[in-house]
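The block underneath contains the structure these notes are about, expressed in structure tokens.
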Amino acid sequence: MSTPGPKPLRADARRNRERLLDVAVRAFSQDGPDVTLDAIAKEAGVGIGTLYRHFPTREALIEAAYRNELAKLCDAAAGLLEEMPPDVALRTWMDRFVDYLATKRGMADALRAVIATGANPYAHSRDRLVGAIGTLIEAGAAAGVFRRDVAAEDLLTGMNGACLAAGEPAQREQAGRVIDLLVDGLRHGADGAG
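Under the working numbering, the letters of the sequence shown match residues 455 to 648, in that order.
What follows is the structure, encoded as structure tokens:
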């Protein structure tokens with residue numbers, strides 16, 4: 455006999471949860487790990503009891519907020535491919551990756567508090583990112599706009615390197631230029647072009 459999975463959230467509960475996660479990301483990124491849960495609940499327009507029903511501890515909220523940002527980034531790959539050509543979709547996704555890393559950097563102190571409890575918020579991050587990048591570069595290779603010999607792991611490494619410069623607006627511009635070079639490198643030799 456199988457055990458039923460978690461009961462799906464009602465629409466209003468799902469909206470409350472999403473608002474809490476959005477506010478938590480912003481609060482932990484801007485105000486650090488010591489922002490009060492009361493302040494997060496108030497900004498999200500819910501009571502503290504609602505926050506605790508969704509996230510029984512501060513660490514649970516921090517981890518869920520981080521994982522939600524990762525999921526939004528990774529899940530965007532398929533939608534972008536439906537809306538635009540693969541090379542444009544990848545470049546758009548890479549801009550979102552820069553934003554994701556800036557958020558992750560802003561939440562670093564809060565995430566360290568989660569790690570101190572023995573949890574690993576990053577457990578599946580690399581696999582999820584590699585999967586999203588793989589989807590994008592495979593679509594580009596199939597369309598003949600990207601070369602076929604690029605591993606998603608290698609592109610992730612290149613993007614991480616480029617994003618080390620991300621942060622202040624001028625540095626973000628530099629990261630964008632380096633990412634443009636990565637995309638140009640994907641195009642070089644695609645279906646004999648280059």
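Every residue, glycine too, gets a C-beta built ideally from N, C-alpha and C.
- Only buried fits residue 513, as 16 or more other CB atoms lie within 10 angstroms of its CB.
- Of the candidates 591, 633 and 615, 591 places its Cα closest to the Cα of residue 644.
- Rounded to the nearest whole angstrom, the CA to CA distance from residue 481 to residue 577 is 23 Å.
- Residue 618 counts as exposed, since fewer than 16 other C-beta atoms from the protein chains shown sit within 10 angstroms of its C-beta.
- For residue 506, the enclosing alpha helix (DSSP H) starts and ends at 502-508.
- Between the alpha carbons of residue 634 and residue 560 lies a distance of about 24 Å.
- Going by DSSP, residue 550 is part of the alpha helix (DSSP H) stretching over 540-560.
- The shortest C-alpha to C-alpha distance from residue 477 to any of 530, 544, 549 and 557 is the one to 557.
- Where residue 601 is concerned, there is no enclosing alpha helix (DSSP H), because DSSP gives it neither an H nor an E.
- Taking each of 474, 469, 637 and 467 in turn and checking the Cα distance to residue 516, the smallest one comes out for 474.
- In this structure, residue 468 keeps its C-beta atom at 8 Å or more from the C-beta atom of residue 528.
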